[in-house]
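Residue numbers (the numbering used here): 23 to 368.
For glycine and all other residues, C-beta sits at the position ideal for the given N, C-alpha and C.
These notes are about the structure you will find just below.
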């Protein structure tokens, strides 16, 4: 019965579609847009480039959050799919020189297809088995990317320059050529992605995913195609990750295989748990931890391996006392403050 309530469209009153959560999402989007537009005024150089990469990996982290937070599936191949999106973007641009926005859409579609093809055999798995299989996929993608390299304007199918050919750097979009402009560009893409996810999670697929996570047997009894909805989630997440890969390729114009090791997917999953897998805001926090924290430690002259200690402690804390992550703790704090204000005004 619970699963039926979660899935049936009639079970959700129309007013709830524009209820408090929808208003909160819109307010967060407006505030996020203001921050994205104004931040480059006060932040420059290395840090604005670092924050750009944070925003890019926040998109990938949001995909991890959907798979785990909404479906209860541990997928450890996300960074590998970012590499796929980046490879497709660089190859298509060097081959066609189409506008960046067109290349992004093509990269998203290509990554979606590849993500579904490599993930389809694992869709009937769950728990540790799924984690192991997806980690093996991440390892396979790492090997392929390392062997093939990223396209840099050369001839041939792989697009690698060699034998006297000059490497070509992919330019950023015309409207986002500077570091500040590209940060705004990336930040707005992130906000649009999160808004689309928020809408999707409140629609029929989101309710079906919630039913599957709550009880797969109950979802099947309610007539929900668990494999079909898992496949839909994988396709959406893969396409989003392809967009992240395209933005990462455009941020520097060239990519290095060393940045896409399989262990990075494990690290991304860990920071998603710390940031909050059940909240889209947690994806932003995860992106800051994933890229911003190592850069901060480096600037402070601290051994970079300390990041594993910090994230390890954060992961233990998230698992034992804060399953909703930092985003959940901040939401609880805000709720307590609002309650105290209401009691004080009476």
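Listed in chain order, the alpha helix (DSSP H) elements of length 4 or more contained wholly in the region 84-149 are 100-118 and 122-141. Per the Cβ contact rule, the region 309-324 is not in contact with the region 351-368 (fewer than 3 Cβ pairs under 8 Å). A residue is called buried when at least 16 other Cβ atoms come within 10 angstroms of its Cβ; residue 354 does not meet this threshold and is exposed. Residue 99 and residue 216 have their C-alpha atoms roughly 20 Å apart. Counting other Cβ atoms within 10 Å of its Cβ, residue 155 reaches 16 or more and is therefore classed as buried. A distance of 8 Å or more separates the beta carbons of residue 329 and residue 276.
In this structure residue 112 does not touch residue 193 by the C-beta definition: roughly 12 Å separates them, more than the 8 Å allowed.
Remark: C-beta atoms of residue 326 and residue 316 approach each other more closely than 8 Å.
Residue state for residue 343 is assigned as coil, using DSSP reduced to three classes. Put simply, the backbone Cα of residue 177 is about 40 Å away from that of residue 307. When C-alpha distances from residue 181 are compared across 116, 279, 287 and 298, the shortest belongs to 116.
Note on residue 342: under 16 other CB atoms within 10 angstroms of its CB, so exposed under the neighbour-count rule. The alpha-carbon of residue 148 is positioned some 19 Å away from that of residue 258. Look at residue 237 here: in three-state DSSP terms it is coil, with no helix or strand label. Counting other Cβ atoms within 10 Å of its Cβ, residue 97 reaches 16 or more and is therefore classed as buried. The Cβ atoms of residue 80 and residue 305 lie closer than 8 Å to each other.
When the five nearest sequence neighbours on each side are left out, the beta carbons in the same chain lying within less than 6 Å of the beta carbon of residue 267 are those of 104, 107 and 108, in order along the chain. Out of 228, 234 and 83, the CA that lies nearest to the CA of residue 145 is found in 234. Judged by beta-carbon spacing, residue 291 lies within the 8 Å limit of residue 86, meaning their Cβ atoms are closer than that value. Distance between residue 203 and residue 273, taken at the CA atoms: about 11 Å.
Under the three-state reduction of DSSP output, residue 171 falls in the coil class, being neither helix nor strand. Around the beta carbon of residue 201, 16 or more other beta carbons lie within 10 angstroms, which makes this residue buried. With fewer than 16 other Cβ atoms inside 10 Å of its own Cβ, residue 179 counts as exposed. DSSP, reduced to helix, strand and coil, places residue 191 outside both helices and strands of the structure shown, so it counts as coil.
The continuous alpha helix (DSSP H) containing residue 202 extends over residues 201-223.
For residue 181, there is no enclosing alpha helix (DSSP H), as DSSP marks it with neither H nor E.
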